[in-house]
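Chemist: Residue numbers (my numbering): 2 to 93.
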Amino acid sequence: ELDLSSNALTYLRTDVFPPSLETLHLSNNFLVSPDPNCFRSLRYLSLSANRFYCDCTLWDFLEWLNSSNVILGSPVQEYKCEFPAAVHNLPL
2 ELDLSSNALT
12 YLRTDVFPPS
22 LETLHLSNNF
32 LVSPDPNCFR
42 SLRYLSLSAN
52 RFYCDCTLWD
62 FLEWLNSSNV
72 ILGSPVQEYK
82 CEFPAAVHNL
92 PL
C-alpha cells in the first residue's frame, strides 16, 4: 500500500510503481491525464479531487477505468473535469 495523497503530483512515470503494488492513494493531487499503464497491478485506486483535463488525452485512462476490475476509492461519478473551462465540473 502506498499513500501519495496531497503531494501536488502532476505526472506519474509508467515505471515508478512496482508490479507488487496493489493499493494506491493519489487523491488531492494535480494529475490531469493519468496514464493507465501506471495502474496495471492495482486492486484499489483512489484518485478523487484531482484536476482532470478532459480532452482526447484522457481517453486511454477512461477506457481503462471502464474495463478494469480496480476498486475505486470513491465512485467514478465523483471524478470531475477541471479543464477546459467548457467542461469544468462535469463528471468524467
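For each residue, glycine too, the CB sits at the ideal point set by N, CA and C.
Residue 54: which of 71, 45, 15, 81 sits nearest, CA to CA?
Modeler: With distances taken between Cα atoms, residue 54 lies closest to 81.
Chemist: Bridge partners of residue 53, per DSSP?
Modeler: Residue 53 pairs with 82.
Chemist: Check the Cβ-Cβ distances between residue 73 and every residue of chain C, and say whether any is below 8 Å.
Modeler: Going by chain labels, chain C is absent from the structure shown, which holds only one protein chain.
Chemist: Near residue 47, what residues of its chain come up, given a Cβ to Cβ distance below 8 Å and the 5 sequence neighbours on each side ignored?
Modeler: Taken in chain order, the residues that qualify are 6, 25, 26, 27, 28, 73, 74, 75.
Chemist: Quick one: is residue 57 buried, meaning 16 or more other Cβ sit within 10 Å of its Cβ, or exposed?
Modeler: That one is exposed.
Chemist: Taking the alpha-carbon positions, what's the residue 23 to residue 87 distance?
Modeler: Taking the straight line from one Cα to the other gives about 35 Å.
Chemist: Residue range of the beta strand (DSSP E) that residue 25 falls in?
Modeler: Where residue 25 is concerned, the enclosing beta strand (DSSP E) stretches over 24 to 26.
Chemist: Just mark residue 8 as buried or exposed, buried being the case when its beta carbon has 16 or more other beta carbons within 10 Å.
Modeler: It counts as exposed.
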